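2 protein chains.
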Amino acid sequence: MGVTRRAEHVADTRDALVAAARELFAERGFAATGTEEIVSRARVTRGALYHHFRDKKDLFRAVMASVAGEAAEALVTHELRHAQEQPDEPWDQLRHGFQSFLDVCTTGDFQRIVLIDGPAVLGPGAWDALVEEYGHGLLAEWLRRAMSNGEIDELPVAPLAALLAALLSEASLYTARADDPDTARREAGQVVDRVLAGLRRG
Amino acid sequence: MGVTRRAEHVADTRDALVAAARELFAERGFAATGTEEIVSRARVTRGALYHHFRDKKDLFRAVMASVAGEAAEALVTHELRHAQEQPDEPWDQLRHGFQSFLDVCTTGDFQRIVLIDGPAVLGPGAWDALVEEYGHGLLAEWLRRAMSNGEIDELPVAPLAALLAALLSEASLYTARADDPDTARREAGQVVDRVLAGLRRG
DNA sequence: GATCTAACATACAGTCTGTATGTCACGGGA
DNA sequence: TCCCGTGACATACAGACTGTATGTTAGATC
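Residue numbers (the working numbering), protein chains in the order written: chain A, 395 to 596; chain B, 395 to 596.
In structure tokens form, the structure reads like this:
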């Protein structure tokens, strides 16, 4: 028998837990969210939570993977569509991708869960593993292409990818917390673009 | 009467609490450190803690201020000495200051407390206030000087300072978590320097 | 020297996490 | 079909931790 109905139910409760936790973690942060709130919103009991996840941090890891995966997917499709419409050179793709990231990751979920609570809850190790999986990989690939194309200067890829990712993270946070988000978005985008332009082979 | 002995004792217990908390927060993180551990290391009781600080977060705020203040002071004296020895142009000062930051803030205290736990514990608001006070002010001042000197392109100062600070933070963290810290430090420094150089008036 | 207050210590209540135990439905084999 | 084993939960409990309320003492003030 293929996928039994029981298995569907199991997956459904797990998804409900992740979805409920995602809402609450994004809204109030990890520390301020009690497990009772989560399970009540998911309409199960704490037993289900501790059956599916080892502890609260394990649930957080699943939530963050979900959020990061969604963002990465949105970014990739965004980029693919753009690349089809006008096949750019790698450098323009990179440039456009940076601006897309700023638009995709303005959602509060991403900021609070991935950028703020992520490092503190999971510790540098587990957090980097997730970020590496969803973000740095893609970014490093783009950078390598632009370098081998001779469009940007040769630099160690790993630290460059990490630092540029941090730049984008902060640009996203800066935009989110500004009094005037539109102006902030424009200015942050301008700065990011200028930094990137500065890396071009002079 | 000037400073009474009693006042000295009061200040001493407060300092002892901050010092003990700083060690433990840096070692295990904010969430994993119990107040009982803190007061026992400071050789007082929890009563003293809740007399001097409104709650655990308030103590954390004091600890972070202490750590950030120390780093800022070290950075400034570092820079002053360098500026006296060879009076550079603003751009060289900026460049040198960035590298100094990477060396000063490699201490684990700073990383865990200010960069990792800070945003999560205090929330974006309170954290930015502290960072603004200790870091961005100095950085923004340097940037303004370099701009008015025509050495780097005109850009909105606030987002530029925020993004460059994030770049330095990540460079510091990248160095700390690398398997080979020496190589990482050199490469991160190289990337930072290259990014900064890219901002120069072309 | 009496009193008043600040600086603590102690005791307590509430909350939260994680675990141990119990129950029930579902699936498979005789 | 009946029985039984296992997985998917629910429930109950123990431990820990934070914050508060109350008590006590040493020093400042008059």
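Every residue gets a Cβ at the ideal spot worked out from N, C-alpha and C, and that includes glycine.
Remember, it's a predicted structure, so these values are computed and weren't measured experimentally.
Using a CB distance below 8 Å, the part of the region 574-593 of chain A facing chain B consists of 578, 581, 582, 584, 585, 586, 588, 589, 591, 592 and 593, ordered along the chain. DSSP places residue 399(B) in the helix class (H, G or I) of the three-state scheme.
Residues of the same chain with a CB within less than 8 Å of the CB of residue 470(A), apart from the 5 flanking positions on each side, are 532 in chain order. Where residue 455(B) is concerned, the enclosing alpha helix (DSSP H) starts and stops at 450-479. With respect to chain B, the C-beta atom of residue 554(A) has a partner C-beta closer than 9 Å. Rounded to the nearest whole angstrom, the CA to CA distance from residue 484(A) to residue 523(A) is 26 Å.
Residue 588(B) sits in a helix when the DSSP states are folded into three classes. Counting only runs of at least 4 residues, the region 397-447 of chain B fully encloses the following alpha helix (DSSP H) elements, listed from N- to C-terminal order: 399-422, 429-436 and 440-446. A Cβ of chain B is located within less than 9 Å of the beta carbon of residue 564(A).
Between the alpha carbons of residue 450(B) and residue 582(A) lies a gap of roughly 35 Å. Here residue 551(B) has 534, 537, 538 and 541 as same chain residues with Cβ atoms under 8 Å from its own Cβ, once five neighbours each way along the sequence are excluded. Excluding its 5 nearest sequence neighbours in each direction, residue 423(A) has C-beta neighbours in its own chain below 8 Å: 506, 510 and 511, listed in chain order. As computed with DSSP, residue 594(B) is found in a beta bridge with 546(B). Leaving aside the five residues that flank residue 575(A) on each side, the residues in its chain whose CB is nearer than 7 Å to its CB run, in chain order, 569. In this structure, residue 559(B) places its C-beta atom within 9 Å of the C-beta atom of residue 525(B). In this structure, residue 492(A) lies away from residue 593(A), with their beta-carbon atoms at least 9 Å apart.
Going by DSSP, residue 517(A) is part of the alpha helix (DSSP H) stretching over 512-525. Residue 549(A) has a beta carbon lying within less than 9 Å of a beta carbon in chain B.
Annotation: the continuous alpha helix (DSSP H) that includes residue 497(B) extends over 484-498. Contact with chain A is absent for residue 489(B), since none of that chain's Cβ atoms lies less than 9 Å from the residue's Cβ.
Scanning chain A for C-beta atoms nearer than 9 Å to the C-beta of residue 571(B) yields 518, 519 and 522, reported in chain order.
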